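Take the sequence shown: its letter number 155 is residue 157 in the working numbering, and every next letter is one higher.
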Amino acid sequence: MFITFEGIDGCGKSTQARMLQERIVTHFQSSVPQEVLFVRDPGNTAVSEAIRAIVLDKSHNSMTSRTELLLYAAARAQLVDTCIRPALERGAIVISDRFIDSTTAYQGFGRALNLADIQAANMLATSGIMPDCTFFLHIPLQEAKTRCSEKTADRIESAGDAFFERVIQGYTQLARDFPERVKMLNAAQNVDALHEEIWGIIENLRIMR
Ligand code: TMP
Numbered sequence: 003m004f005i006t007f008e009g010i011d012g013c014g015k016s017t018q019a020r021m022l023q024e025r026i027v028t029h030f031q032s033s034v035p036q037e038v039l040f041v042r043d044p045g046n047t048a049v050s051e052a053i054r055a056i057v058l059d060k061s062h063n064s065m066t067s068r069t070e071l072l073l074y075a076a077a078r079a080q081l082v083d084t085c086i087r088p089a090l091e092r093g094a095i096v097i098s099d100r101f102i103d104s105t106t107a108y109q110g111f112g113r114a115l116n117l118a119d120i121q122a123a124n125m126l127a128t129s130g131i132m133p134d135c136t137f138f139l140h141i142p143l144q145e146a147k148t149r150c151s152e153k154t155a156d157r158i159e160s161a162g163d164a165f166f167e168r169v170i171q172g173y174t175q176l177a178r179d180f181p182e183r184v185k186m187l188n189a190a191q192n193v194d195a196l197h198e199e200i201w202g203i204i205e206n207l208r209i210m211r
């Protein structure tokens with residue numbers, strides 16, 4: 003079982019991903035213990051974390067959108083090959099903070115790269131591994147910005163309001179195109195209420211019975 007969390011910076015997905023991980027572990031405690039692997043994309047492996055540092059570094063302001071796409075794809079390939087695929091093969095539940103839909107939303111819609119190229123890059127990076135369930139945590143841009151205001155913006159976070167409105171549009175389109183997989187939830191609501199909504203969806207998945 004492969005679960006991913008998506009949304010713009012400041013939507014609260016990392017908090018929700020962690021809460022879900024803890025809930026699943028507790029859920030299985032009384033029966034057969036279940037391995038739950040938490041990863042972040044880009045990241046988790048030494049190679050992917052190094053690529054993450056390059057792609058988010060604000061001093062790389064000359065980076066082209068195509069280079070950006072390929073760096074995210076390279077970081078993901080390493081993450082899939084060394085963490086995600088092996089974990090899924092041993093029967094673990096994998097929760098990823100971001101995955102392919104980030105590339106479609108940020109590089110496809112945000113940077114306006116050709117969507118067929120995005121699909122090809124995603125396919126190369128994942129070799130076909132797809133999330134079973136994706137939570138898109140939707141929040142208005144202004145509210146996300148208030149939540150992020152304390153920290154210094156990285157290269158992507160500095161891309162501007164029009165960019166992030168296109169990213170939100172991209173995610174909304176993905177939720178419309180793949181309603182079975184991509185669940186669009188209201189992330190402006192209370193953290194615990196949102197967690198309960200997510201848990202309700204997870205409980206309905208066959209693997210949790
Ligand atoms: P994070 O801070 O949520 O971990 O994500 C890192 C940043 O990278 C975030 O601004 C979203 C961006 N990103 C992309 O632009 N494309 C991608 O494919 C991924 C995975 C992340």
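Positions of the beta carbon are idealized from the N, C-alpha and C atoms, including for glycine.
Everything numeric in this text was worked out from a predicted model, so none of it was measured.
6 Å CB neighbourhood of G93 in its chain, flanking five on each side removed: Here residue 93 corresponds to residue number 91 of the sequence shown, with the count starting at 1. For G93, where only same-chain residues beyond five positions count, there are no Cβ hits under 6 Å.
Three-way DSSP call (helix, strand, coil) for E159 in this model: As a first step, residue 159 must be located in the sequence shown, where it is residue number 157. Three-state DSSP puts E159 in coil, outside helix and strand.
Cβ shell of L126 (< 8 Å), same chain only, five flanking positions each side left out: Taking the first residue of the sequence shown as position 1, residue 126 is located at position 124. Only A75 and A79 meet the Cβ criterion.
Residue span of the beta strand (DSSP E) that contains E37, given as start and end: In the sequence shown, the residue the question calls residue 37 occupies position 35. Here E37 belongs to no beta strand (DSSP E), and DSSP marks it neither H nor E.
Residues that N188 bridges to, as DSSP identifies them: Here residue 188 refers to the residue found at position 186 when the sequence shown is read from its first residue. DSSP output for N188 lists H140 as bridge partner(s).
DSSP-derived helix/strand/coil call for S104: Residue 104 sits at position 102 when you count from the first residue of the sequence shown. Note: S104 maps to helix in three-state DSSP.
Option nearest F40 by Cα separation, candidates C150, T105, R20 and D59: Working through the sequence shown from its first residue, we reach residue 40 at position 38. Checked all of C150, T105, R20 and D59; the closest Cα to F40 is R20.
One or two residues paired with S50 in a DSSP bridge: Position 48 of the sequence shown holds residue 50. According to DSSP, S50 bridges with nothing at all.
Nearest to A186 (by Cα), restricted to the options M3, C13 and F4: As a first step, residue 186 must be located in the sequence shown, where it is residue number 184. Ala is not the amino acid found at residue 186; the sequence shown has Met there. Looking at the Cα atoms, C13 is the closest of the given residues.
Own chain, CB closer than 6 Å to L73, minus 5 neighbours either side, in chain order: The residue labelled residue 73 in the question sits at position 71 within the sequence shown. Taken in chain order, the residues that qualify are I53 and V57.
Where I97 falls: helix, strand or coil (DSSP): Numbered from its first residue, the sequence shown carries residue 97 at position 95. It is a strand residue.
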